[in-house]
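Chains as they are written, first to last, in the working numbering: chain A, 2 to 202; chain B, 10 to 307. Here the structure comes first, spelled out in structure tokens, and everything after it is commentary.
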């Protein structure tokens, strides 16, 4: 009887620990740790995206299969490739991408457990702006009952405005929080923000 | 030597994607011209007292864009407007003139009829249109905000019963959701279509050969819609346990099968997408099929 009680208490404790939200400084620490790779990815992705929109994602837990979204004027193509398949090179070449640069980006994603990279449009005073949106799936959040499993990092071209608590603001004057995918973001530096999310996109 | 199935499937996919896409809405050039002529004849519109946050120049610009390029209609990030967007893609493409006249009347008078359906949106909806934010391109498309909110305010299904009155933010919640019967009802009321459907909100339709069935429906009808489980089609997390319910509508543009993979071309979120999916996945995500034929009178 006592043994059952102990197991029950232990299970409950495990659930509570895993449900608890991750400390907010985790993404900042993560960013600092991988800053060189993240900055390189941002730079490479920006170059790739100009004129040839592309997005990449890893949908499997082992980061062995990459899904590439190729956007042309008329159609968006979604292909899944094994990381060691030759087909990925041929496909990218066929659509006019710099396949070496895409593969480098994808390998960087794999190395830092980045599940999704995309370019997102947002509007300020009716003017279109864009940012780079990266989702990271860190091991520290990979707990069975944890709701928020992803660090989301957003990279802007220009410095952004933040309130006194470091939350990303929509506009300088209005003091309204800007939400991306219904999440409030916080400052890492002038151009980079983070949040914790249950979804990677 | 391994037979290069991958390369063959790639070239096959490339050929069908470039050649076999149906020429959607091409038979409506006259209708499109009528709609644009109508907007030209309207000239400038005064700021509506009914829709205080919808600017008239933005409305007209957005209407023109939708009429000339219905493929760009965008339901917004994280909203529950996908059902209305799928309906709009077909409706604006096939009946642009009626759409343009209705929108201008709804804007100027605050109420209007679309075929036999009378729209008189609630005051909260009228105040909200034009103020939706953080929804991507929908932020700047005020006519689309007005249109989607009016549709969601007017058409109600059982999924809306728990949230019947609009409050700010409800565009992402059950207030805007669309169940299968409601989607079919909207199509029947808004379009001159003969609408038939198979499927439901909970159980998958018992279609034995899905590619053949869908190809046949595509060939015999003007428009085919699919009702899908979006948590598998557009995965947003790595959870192993997924909700087994449909949440998304797409307009089917073409379907073919090669090497056990389904090449599905569909319209959603302002894009045409070509995606290769295993047959097993298609069986798992497909909860409903709607096929529509234009009535001879239209």
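Idealized CB from N, CA, C, for every residue including glycine. Remember, it's a predicted structure, so these values are computed and weren't measured experimentally.
### Three-pair Cβ contact test at 8 Å for the stretch 206-226 of chain B versus the stretch 172-180 of chain B
no
### Message
At the 7 Å Cβ level, is residue 64/B part of the contact set with chain A, yes or no?
### Response
no
### Task
Taking residue 183/B as the reference, give the member of 290/B, 203/B, 114/B, 89/B with the closest Cα.
89/B
### Query
Per DSSP, which one or two residues make a beta bridge with residue 169/A?
163/A
### Task
Tell whether a beta-carbon distance below 7 Å holds between residue 236/B and residue 255/B.
yes
### Message
Just to confirm, is the Cβ distance from residue 146/B to residue 202/B under 7 Å?
### Response
no
### Query
If the cut is a Cβ gap below 9 Å, which residues of chain A does residue 78/B touch?
The premise fails here: residue 78/B is roughly 11 Å from chain A at the closest Cβ pair, so nothing lies under 9 Å.
### Query
If the cut is a Cβ gap below 9 Å, which residues of chain B does residue 112/A touch?
Chain B residues near residue 112/A: none, gap ~18 Å exceeds 9 Å.
### Task
Kindly say whether residue 284/B, judged by its beta-carbon, lies nearer than 7 Å to any beta-carbon of chain A.
yes
### Task
Counting only runs of 3+ residues fully inside the stretch 234-292 of chain B, write out the beta strand (DSSP E) ranges in chain order.
257-267, 270-277, 280-287
### Query
Taking 7 Å as the CB-CB cut-off, is residue 89/B touching chain A?
no
### Query
Got a sec? Which residues, its chain only, sit under 6 Å from residue 43/B by beta carbon, not counting five neighbours each side?
106
### Task
Report the partner residues of residue 301/B according to the DSSP bridge assignment.
204/B, 232/B
### Interfacial residues, the stretch 184-216 of chain B to chain A, with Cβ spacing under 7 Å
none
### Query
If the cut is a Cβ gap below 7 Å, which residues of chain B does residue 199/A touch?
246
### Task
Specify whether the stretch 92-107 of chain B and the stretch 48-67 of chain B touch according to this definition: at least 3 beta carbon pairs, one from each stretch, less than 8 Å apart.
no
### Task
Give the interface partners of residue 60/A over in chain D, defined as CB-CB distance under 8 Å, in chain order.
Note that chain D does not occur in the displayed structure, where the protein chains are A and B.
### Query
Checking contacts by CB at 7 Å: is residue 127/A closer than that to chain B?
yes
### Message
Can you pull out the residues from the stretch 135-149 of chain B whose beta carbon lies closer than 8 Å to at least one beta carbon of chain A?
### Response
142, 143, 145, 146, 148, 149
### Query
What do you get for residue 125/B, buried or exposed, if any count of 16 or more other CB atoms within 10 angstroms of its CB means buried?
exposed
### Query
Under 7 Å between C-beta atoms, does residue 180/A make it to chain B?
yes
### Message
For residue 196/B and residue 301/B, which I take to be in contact (beta-carbon distance under 8 Å), what is that distance rounded to the nearest angstrom?
### Response
6 Å
### Query
Does the beta carbon of residue 281/B sit closer than 7 Å to a beta carbon anywhere in chain A?
yes
### Task
Report buried or exposed for residue 155/A, applying the criterion of at least 16 other Cβ atoms within 10 angstroms of its Cβ.
buried
### Task
Rounded to whole angstroms, what's the CA-CA distance from residue 194/A to residue 182/A? Just pull it up for me.
14 Å
### Paired residues, beta bridge with residue 117/A - DSSP
58/A, 136/A
### Message
Within 7 Å of any Cβ in chain B, is that where the Cβ of residue 183/A sits?
### Response
yes
### Task
Taking the CB atoms as reference points, tell me whether residue 69/B and residue 112/B lie closer together than 7 Å.
no
#### Entry: Residues of the stretch 69-89 of chain A with Cβ closer than 8 Å to any Cβ of chain B, in chain order
72, 75, 76, 77, 78, 79, 80, 81, 86, 88
### Task
Under the assumption that residue 67/B contacts residue 101/B (Cβ atoms under 8 Å), give the Cβ distance between them as a whole number of angstroms.
Contact flag wrong, Cβ pair sits at about 17 Å.
### Per-residue burial, residue 33/B [other beta carbons within 10 Å of its own, 16 or more giving buried]
For residue 33/B, the predicted structure reports a pLDDT of 49, less than 50, and the residue's modelled location is therefore unreliable. A value from the coordinates is still provided. Looking at its Cβ environment, which holds 16 or more other Cβ atoms inside 10 Å, residue 33/B is buried.
### Query
Whose Cβ in chain A lies nearer than 8 Å to the Cβ of residue 181/B?
183
### Query
Closest by CA to residue 284/B, which one among 167/A, 37/A, 76/A?
76/A
### Message
Would residue 124/A pass as an interface residue toward chain B - the criterion being a Cβ-Cβ separation below 7 Å?
### Response
yes
#### Entry: From 123/A, 110/A, 138/A, residue whose alpha carbon lies closest to that of residue 157/A
123/A
### Task
Would you check whether the ligand ZN has a heavy atom nearer than 6 Å to the C-beta of residue 61/A?
In the structure shown, the ligand ZN is absent, as is every other ligand, since no ligand is present at all.
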